[in-house]
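Participant:
Protein chains in written order, with the working numbering: chain A, 9 to 228; chain B, 722 to 1197.
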């Protein structure tokens, strides 16, 4: 498979290029962003809303009511979720007492191969997120076996649940504090809005391949 | 395009300049992109500092390039990503083909990748009876119309919605004619979602490969890149070897420069970081991930301290948007995969001066590309260097085909010029003669060609020296 002769020839040329003998002066980065908690929430919400993310800032104990309200309003028929994460069990509990007008809950429990057709028909998928980043307005996902990668991509709507206390100033801060260099997950994602394109005459259209809507619930 | 036949640049340019629709589409689009970039970087001091940092990060990566590639290979392999090396595009194509054959995949779904364009992968697979499906909306449009990208970021920008409407109506079965961009996008979504769900192999490019952790980073807005790298059983990533960077902490500034310069976005919709195939227990994601590292002339560029800077490029395309030549002729006129200023320095080095050196002539040397480049590539200097190498008067050319334009007449003219300017006597005679000739510059040979699109210069009756002697110098 790996063509060793190609590899060795390329590396030999690179070593012989003299590039390793060059001097590279250091250039300092612009000063980092430093905001307080409320300012971080505000900046993230503002930036993400500007690119059509539907942002709702809710009290931590009221987020399920907000979710139900949205589900009814938007008329989702089926909601994809991960039953083994905290938000998943909370949703199950909330749905147990009250299902009127609410979408059917569909758990992502098997490998995608057994589930693909269903997955591509899903109205909405809800996931927790690892953190937010204020500077550029993104949520950061490290998908897990309990909340797989396609949950935030294939359903027509992606609902992301973010805790306000987990918003970093910048991606640089997050990478450093969480020591990403020690080990990266299979997939890490930054998401700032719904899928979009401007490939035809710069007309902005949402939902070209991925979710048509991104709903962000910030639990404060 | 970009194949081994000589292309007629002048003919292409003449055609493009006469195409009113093309020029209108391009002007509108490039003005938008220039404007958006300006808006996203409102603080010039911040931007200049960021550009310097970007330049330093990429230079630091090039300084350690062989070591970083080896480290990337070690870490990717440790993570379960299979690494392949390709000397040239034929080898890279062969690697992709082998993977597809092994998985009995009749088709491959593709996210946007300029390296795959460089490989002419679609044409190659087609010749093998296999199908490449472009899934980026712009790429999808031009693939339906059997065209190549005209811009490295917005590949179908030369088309307006009426043209797209006609293409969809003609090429996609049972598609009604519509100029509604929302509807056009919905049609593409419907067609391509089926392809994503069915594909066994997906292909992507790489924006940054992080040696420290063996991570492949991709930016995009549409989600097709995530589809191609997550839904199929196999993901093949192709990258030029200059895409490797040292560490994760290099990512934030480069990302900011890339998305800000490319589309004027603070950040793209998705930043997708892939470090391994599906692990045991995980429910989706490809079971195999392959990384193809392509040289195709890049290691040769690295050997020259000045040309090496070509490899700093992060393929944002902002030099195209700001180029007065690109905005008038569009990408196709350049006849090669990489158009615009970056193409003018990249293509001649990849293909040789004889085939592509003419691209370096398509510049007014206005300097805009160098001023906006997020990693400070001195593109105008490199264009001038390529022009000099095309004549190679001093025999120092390093690019293949150096001196291809050298000819006796021009060599003699320049020798004469040198002589005349070194000898005060000859210089005096020369200027006096030129003064006598006045306006009558002979319109022959290269002079005729030169004055075809330029005002022919008028020679003053007497030289500046003479005037100063006769009239004195007025210091006021």
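Each residue gets a CB set at the ideal place from its N, CA and C atoms; glycine is no exception.
On a predicted model such as this, the values are computed, not experimentally measured, just so you know.
Does the beta carbon of residue 1051 of chain B sit closer than 8 Å to a beta carbon anywhere in chain A?
Facilitator: It does not; no Cβ of chain A falls within 8 Å.
Participant: Does the beta carbon of residue 140 of chain A come closer than 8 Å to any beta carbon on chain B?
Facilitator: No, residue 140 of chain A does not count as interfacial toward chain B.
Participant: Looking at the secondary structure, which residues open and close the beta strand (DSSP E) in which residue 88 of chain A lies?
Facilitator: It spans 86-89 - the beta strand (DSSP E) in which residue 88 of chain A sits, taken as one unbroken run.
Participant: How many angstroms separate the CA atom of residue 725 of chain B from the CA atom of residue 926 of chain B?
Facilitator: The predicted position of residue 725 of chain B is uncertain, since its pLDDT is 43 and thus under 50; a value taken from the coordinates is nonetheless stated next. Each residue's alpha carbon lies about 24 Å from the other.
Participant: I'd like the list of long-range same chain contacts for residue 9 of chain A, defined as Cβ closer than 7 Å, with 5 residues on each side in sequence excluded.
Facilitator: Low per-residue confidence applies at residue 9 of chain A: pLDDT is 46, beneath 50, and the placement is therefore not dependable, though the value from the model is reported in the following sentence. Excluding residues within five positions, none has a Cβ falling inside 7 Å.
Participant: Looking at the secondary structure, which residues open and close the beta strand (DSSP E) in which residue 1171 of chain B lies?
Facilitator: From DSSP, residue 1171 of chain B is part of no beta strand (DSSP E) but of the alpha helix (DSSP H) over 1166-1173.
Participant: Would you mind stating whether residue 974 of chain B and residue 1098 of chain B have Cβ atoms separated by less than 8 Å?
Facilitator: No, they are not a contact pair.
Participant: Enumerate in chain order the residues of its own chain whose CB-to-CB distance from residue 780 of chain B is below 8 Å, with the five nearest sequence positions on each side excluded.
Facilitator: Around residue 780 of chain B: 1033.
Participant: In or out: residue 1133 of chain B buried (at least 16 other Cβ within 10 Å) or exposed?
Facilitator: Answer is exposed; the Cβ neighbour count stays below 16.
Participant: Of all the options B/749, B/1000, B/827, B/793, which has the alpha carbon lying nearest to the alpha carbon of residue 19 of chain A?
Facilitator: Residue 19 of chain A has its Cα closest to that of B/793, out of B/749, B/1000, B/827, B/793.
Participant: Whose C-beta lies closer than 6 Å to the C-beta of residue 746 of chain B among residues of the same chain, with five residues either side of it excluded?
Facilitator: Hits under 6 Å: 879, 881.
Participant: Any residues in the segment 1118-1135 of chain B with a beta carbon nearer than 7 Å to a beta carbon of chain A? Which ones, in chain order?
Facilitator: Hits within the stretch: zero.
Participant: DSSP three-state call for residue 129 of chain A: helix, strand or coil?
Facilitator: In the structure shown, residue 129 of chain A sits in coil (DSSP, three-state: anything other than H, G, I, E or B).
Participant: Compute the beta-carbon to beta-carbon distance between residue 846 of chain B and residue 852 of chain B, rounded to the nearest angstrom, for a pair I have assumed lies under 8 Å.
Facilitator: Right, their Cβ atoms sit about 7 Å apart.
Participant: Which word fits residue 226 of chain A, buried or exposed, when buried means at least 16 other C-beta atoms lie within 10 angstroms of its C-beta?
Facilitator: It counts as buried.
Participant: Using the C-alpha atoms, what's the distance from residue 1003 of chain B back to residue 152 of chain A?
Facilitator: If you take the alpha carbons of residue 152 of chain A and residue 1003 of chain B, they lie about 7 Å apart.
Participant: Closer than 6 Å by C-beta to residue 1054 of chain B: which residues in its own chain qualify, once you throw out the five before and the five after it? Chain order, please.
Facilitator: Same-chain partners within the cutoff: 733, 734, 737.
Participant: Exposed or buried, which one is residue 103 of chain A when buried takes at least 16 other CB atoms within 10 Å?
Facilitator: That one is buried.
Participant: Along the segment 1064-1094 of chain B, where does the CB come closer than 8 Å to a CB of chain A? Name the residues.
Facilitator: The segment 1064-1094 of chain B vs chain A, Cβ under 8 Å: nothing.
Participant: Just verifying my parser: in three-state terms, what is the DSSP assignment at residue 71 of chain A?
Facilitator: In this structure, residue 71 of chain A counts as helix in the three-state DSSP scheme.
Participant: What is the C-beta distance between residue 949 of chain B and residue 831 of chain B, in whole angstroms, given that I count them as a contact (C-beta under 8 Å)?
Facilitator: Confirmed, Cβ separation roughly 6 Å.
Participant: Hey, is the segment 183-191 of chain A in contact with the segment 960-977 of chain B, meaning 3+ C-beta pairs nearer than 8 Å?
Facilitator: Flag = yes, the segment 183-191 of chain A and the segment 960-977 of chain B touch.
Participant: With 16 other CB atoms within 10 Å as the buried threshold, where does residue 872 of chain B fall?
Facilitator: Classification for residue 872 of chain B: buried.
Participant: Along the segment 193-206 of chain A, what residues have a CB closer than 9 Å to any CB found in chain B?
Facilitator: Taking 9 Å as the Cβ-Cβ cut-off against chain B, the residues of the segment 193-206 of chain A that qualify are 193, 194, 195, 196, 197, 198, 199, 200, 201, 202, 203, 204, 205, 206.
Participant: Roughly how many whole angstroms lie between the Cα atoms of residue 179 of chain A and residue 894 of chain B?
Facilitator: Cα-Cα distance, rounded: 45 Å.
Participant: Taking only three categories from DSSP, how would you classify residue 1257 of chain B?
Facilitator: Any question about residue 1257 of chain B goes unanswered here, given that chain B covers just 722 to 1197.
Participant: By Cβ distance, which residues of its chain are closer than 7 Å to residue 706 of chain B, with the 5 residues on each side in sequence left out?
Facilitator: This structure gives no information on residue 706 of chain B, because the portion of chain B shown stretches from 722 to 1197.
Participant: Please report the Cβ distance between residue 1048 of chain B and residue 1085 of chain B, rounded to the nearest whole angstrom; I am assuming they are in contact, meaning their Cβ atoms lie under 8 Å.
Facilitator: With 8 Å as the limit, residue 1048 of chain B and residue 1085 of chain B do not qualify as a contact, their Cβ atoms being about 12 Å apart.
Participant: Taking residue 938 of chain B as the reference, which of B/991, B/1135, B/1056 has the closest Cα?
Facilitator: When each option's Cα is compared against that of residue 938 of chain B, the closest is B/991.
Participant: Would you identify the three-state DSSP class for residue 941 of chain B, choosing helix, strand or coil?
Facilitator: Looking at residue 941 of chain B - three-state DSSP - the assignment turns out to be strand.
Participant: Could you have a look at residue 772 of chain B and say whether DSSP puts it in helix, strand or coil?
Facilitator: DSSP places residue 772 of chain B in helix when its eight states are reduced to three.
Participant: Comparing C-alpha positions only, which one of A/89, A/28, A/86 sits nearest to residue 789 of chain B?
Facilitator: When only C-alpha atoms are compared, the closest one is A/28.
Participant: Within the segment 174-221 of chain A, note down every full beta strand (DSSP E) run reaching 3 residues or more, in order along the chain.
Facilitator: Segments of the beta strand (DSSP E) lying fully in the segment 174-221 of chain A: 195-199.
Participant: Quick one, which of B/1036, B/1094, B/1079, B/930 has its alpha-carbon nearest residue 1013 of chain B's?
Facilitator: Closest by alpha carbon: B/930.
Participant: Check the C-beta distance from residue 1018 of chain B over to residue 1070 of chain B and give it rounded, since I have them as a contact under 8 Å.
Facilitator: 6 Å between Cβ atoms; contact.
Participant: Ends of the beta strand (DSSP E) at residue 831 of chain B?
Facilitator: Where residue 831 of chain B is concerned, the enclosing beta strand (DSSP E) stretches over 828-831.
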